[in-house]
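This report refers to the structure that appears directly beneath it.
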Amino acid sequence: DTAVSQTPKYLVTQMGNDKSIKCEQNLGHDTMYWYKQDSKKFLKIMFSYNNKELIINETVPNRFSPKSPDKAHLNLHINSLELGDSAVYFCASSQGQGQGSDTQYFGPGTRLTVL
Amino acid sequence: AQSVAQPEDQVNVAEGNPLTVKCTYSVSGNPYLFWYVQYPNRGLQFLLKYITGDNLVKGSYGFEAEFNKSQTSFHLKKPSALVSDSALYFCAVRDRWGNAGKSTFGDGTTLTVKP
Chain A
845 DTAVSQTPKY LVTQMGNDKS IKCEQNLGHD TMYWYKQDSK KFLKIMFSYN NKELIINETV
905 PNRFSPKSPD KAHLNLHINS LELGDSAVYF CASSQGQGQG SDTQYFGPGT RLTVL
Chain B
150 AQSVAQPEDQ VNVAEGNPLT VKCTYSVSGN PYLFWYVQYP NRGLQFLLKY ITGDNLVKGS
210 YGFEAEFNKS QTSFHLKKPS ALVSDSALYF CAVRDRWGNA GKSTFGDGTT LTVKP
């Protein structure tokens with residue numbers, strides 16, 4: 845059973861397009877995250893939701909909009925894709941309210957390539 | 150602000166030798182510290198964490214880490230490296246009292262274990 849799953853695994857698209865990445869966790873966790881890993885493998889948090897409520901919103905362009913229909917899902921929609929958006933996007937989840945000692949469980953990643 | 154430094158981009162060791170991957174941190178309060186491992190084309194996997202108590206933390210796959218408050222370090226160690234330990238390792242920190250539970254990750258250290 846996959847704990848944190850993401851779709852699609854690979855996404856290749858043209859500049860200017862709009863795309864979405866979906867994430868689901870079956871761990872019963874209350875908090876979910878989106879991270880971006882760039883070509884140098886640097887990992888940066890983008891967003892965090894706790895029980896469908898936004899709790900972390902880093903300095904991310906407005907073109908990126910997370911949506912949490914329920915606490916098991918956190919989707920990432922990206923408008924007007926740019927070349928610099930090419931990266932691997934990881935979804936993660938953790939128990940509790942996203943603070944303190946909670947371990948994060950990561951999905952397999954979505955490799956986005958913008959041409 | 151909280152930060153993590155992994156001073157070595159690359160660590161090379163021979164199979165059977167001990168390994169150390171270094172991590173130092175900076176937080177305003179007391180930290181929660183984590184180590185994660187990323188195998189090629191995979192998501193991050195949790196190895197171990199320091200919350201409180203014993204400064205020596207034991208984790209998955211024979212790894213351990215020692216919390217040193219005076220040196221603000223949390224180095225990852227293993228007594229005898231395996232070729233299969235070759236991967237990208239991330240140290241992460243969370244401030245117990247601030248940042249709404251945001252984790253800050255180091256830039257990663259690539260461990261290569263040679264037969």
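Order-wise, the sequence lines are chains A and B. Its first residue numbered 845, the first sequence is counted upward by one per residue in this note's numbering. Its first residue numbered 150, the second sequence is counted upward by one per residue in this note's numbering. Using N, Cα and C, we set each Cβ at its ideal position, and we do this for glycine too. No experiment lies behind these values; they were computed from the predicted model shown.
- Close to chain A, meaning a Cβ-Cβ distance shorter than 7 Å, are the following residues of the segment 195 to 229 of chain B: F195, K198, I200.
- Listed by position along chain A, the residues whose Cβ is nearer than 7 Å to that of D256/B are F886.
- Y181/B reaches chain A at G944, S945, counting residues in chain order whose Cβ is nearer than 7 Å.
- Inside the segment 165 to 201 of chain B, DSSP marks whole beta strand (DSSP E) runs of 3 or more residues at positions 168 to 170, 173 to 175, 180 to 187, 193 to 199, from first to last along the chain.
- V170/B sits away from L237/B, with the two beta carbons spaced by 8 Å or more.
- For a Cβ distance threshold of 8 Å, residue set G192 of chain B lies close to G951/A, ordered along the chain.
- Shown here for T221/B: same chain residues with a beta carbon closer than 8 Å to its own, the five before and five after excluded, namely T173, Y174, S175 in chain order.
- Taking every protein chain shown into account, the CB of A150/B has fewer than 16 other CB atoms within 10 angstroms, so this residue is exposed.
- With respect to the 8 Å criterion, T258/B and V186/B are not classified as neighbours on the basis of their beta carbons.
- Here V242/B is buried, its C-beta having at least 16 other C-beta atoms within 10 Å.
- Neighbours of F934/A in chain B, taken as residues at a C-beta separation under 9 Å, are given in chain order as G192, L193.
- The three-state reading of DSSP puts V153/B in strand, counting E and B together.
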